[in-house]
Amino acid sequence: MNALMEDIRATEINEDCKHVLNKETLNMKIDEIYEFDLNGYIVYRNFLSQSDVQKINNILDDAKVKIEPKMGKFSFLPLSPYFFDLMAHPKTLEILRVMLGDWFRFDHAIGLEMDKTSKACQPIHAGLLKEQRSFFYQWIHGQMRNGLVKVIYALNDVNPGDGGFVCIPGSHKTNLDYYPKINSHLVVQPTLKAGDMLIFTEALVHGSKKWTAENRRRALIYSYAPGYFAWKNYDSMKDYLKLASDQLQKDLLRPPYVGGFDEFVFENAEGHLSTDANWAWYNHSRLPHSFDSLLIAKIKNRIITNVIKKIIKLISN
Ligand SMILES: O=C(O)CCC(=O)C(=O)O
């Protein structure tokens, strides 16, 4: 982000709030952060253009994807390079950096398709600290952090009462381990237009209601995780790496690990730096160790190795 952009975003921040927010939160506006914090989800309207929506629908129509009947799921990622581009949508990544920090990764994706004849639905599920605590929502030192985060791209309009994605706003902060019934007045079904993007934390209690509208429901869901964990078994994802078209996409498809970066300072057997350097997130200056310190460490390493070699030579003479 350039300095001018930073200044513009900084002016959008309410002066009273400035002191509580870490600089990285500038990638979302204060009212957006407030809404997400309050509800556990937020809708970005008109996120994809109508021609993008049309293009995606055409790809899916042509592919005649197989729909799993219980939840209406289908697999779409390998169908087109376009879906990899969407995984790395720059605006989505900016928002995810606020929610997950810089060291995050793409975890998995599914498509959903339902019509009024299908039985597909998902009971109310997820919520705070579910699934081995991988669903969490936390603020510390003016920084938001989430476990698994999901991005839904709506490919059709969703009107009141249509069904589909439902949630209990605010439940990502509840103190009770309790699921209200799907017909409870607490369960809300957000209305969407084709091209809207809804992003939610899995700490939010949510589900999927049976689709009732005349038109078909279609949505793409991309899941992202903190860089150190995988929700989906990475073995089932690693082949997608071969389909990534640039370094950013490869970065997002990397396996999970904490990224302490100590291994950077060592050469591998071929005398090259560890390829872990490739996983450095696109803004290197944000990483705990910059590439300057990497170079210094490398030089230090060389000097120490040479000194040790000389000492051994001296002793053996
Ligand atoms: O969008 C939907 O219908 C529900 C999605 C959902 O529950 C999930 O991805 O966990």
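The sequence shown maps to residues 525 to 841 in this note's numbering. In this text, a Cβ means the ideal position worked out from N, Cα and C, and glycines have one as well.
Handout entry: As assigned by DSSP and simplified to three states, the class of ALA754
Key = coil
Exercise for the section: Rounded to whole angstroms, what's the CA-CA distance from LEU603 to MET638? Just pull it up for me. Expected result: 19 Å
Handout entry: Classification of VAL673 by the beta-carbon crowding that lies within 10 angstroms, buried from 16 upward
Key = buried
Problem - Pairwise C-alpha distance: TRP627 and GLN646 - result: 30 Å
Exercise for the section: Could you spell out where the alpha helix (DSSP H) holding MET668 opens and where it closes? Expected result: Taken as a continuous stretch (DSSP letters only), MET668 belongs to no alpha helix (DSSP H), being part of the beta strand (DSSP E) at 667-670.
Exercise for the section: Keeping to the same chain, check which residues put their C-beta closer than 7 Å to that of LEU848; ignore five residues upstream and five downstream. Expected result: Residue 848 lies beyond the range of the chain shown here (525 to 841); nothing can be said about it.
Practice task
Pull up the distance between the alpha-carbon of HIS696 and that of ASN830, whole angstroms please.
Solution key: 56 Å
Exercise for the section: Counting only the same chain and skipping the five closest in sequence on each side, list residues whose C-beta sits under 6 Å from that of VAL690. Expected result: VAL711, GLN713, GLY731, LYS733
Exercise for the section: Please name the residue, chosen from GLU738, ARG741, MET761, that lies closest to SER747 on a Cα-to-Cα basis. Expected result: MET761
Exercise for the section: Return yes when the C-beta of GLY719 is under 6 Å from any heavy atom of ligand 1, and no when it is not. Expected result: no
Handout entry: Spatial distance of ARG778 from LYS588 (CA atoms)
Key = 29 Å
Handout entry: the segment 640-655 in contact with the segment 716-731 per 3-pair CB rule at 8 Å
Key = yes
Handout entry: Whole-angstrom distance between LYS824 and PHE560, CA atom to CA atom
Key = 46 Å
Handout entry: At least three beta-carbon pairs within less than 8 Å, the segment 763-777 to the segment 658-675
Key = no
Exercise for the section: Spatial neighbours of LEU610 within its chain, please: CB distance less than 6 Å, with the 5 preceding and 5 following residues excluded, ordered by chain position. Expected result: none
Problem - Contact test: SER732 Cβ vs ligand 1 heavy atom, cutoff 6 Å - result: yes
Handout entry: Within 7 Å, strictly: CB atoms of ASP759 and ALA718
Key = no
Problem - Same chain, Cβ closer than 6 Å to TYR661, neighbours up to 5 away in sequence not counted - result: ASN670, HIS696, THR725, ALA727
Problem - ILE745 beta carbon near ligand 1 (any heavy atom closer than 6 Å) - result: yes
Problem - Option nearest ILE745 by Cα separation, candidates MET721, ASN581, ASP775 - result: MET721
Exercise for the section: Verify whether the separation of the beta carbon atoms of ALA743 and LEU636 is less than 7 Å. Expected result: yes
Exercise for the section: Work out the CA separation of LEU620 and GLU556 for me, nearest whole Å. Expected result: 13 Å
Exercise for the section: Please indicate yes or no: does the CB of GLN646 lie closer than 6 Å to some heavy atom of ligand 1? Expected result: yes
Practice task
Can you tell me which of the three DSSP states LEU617 falls into?
Solution key: helix
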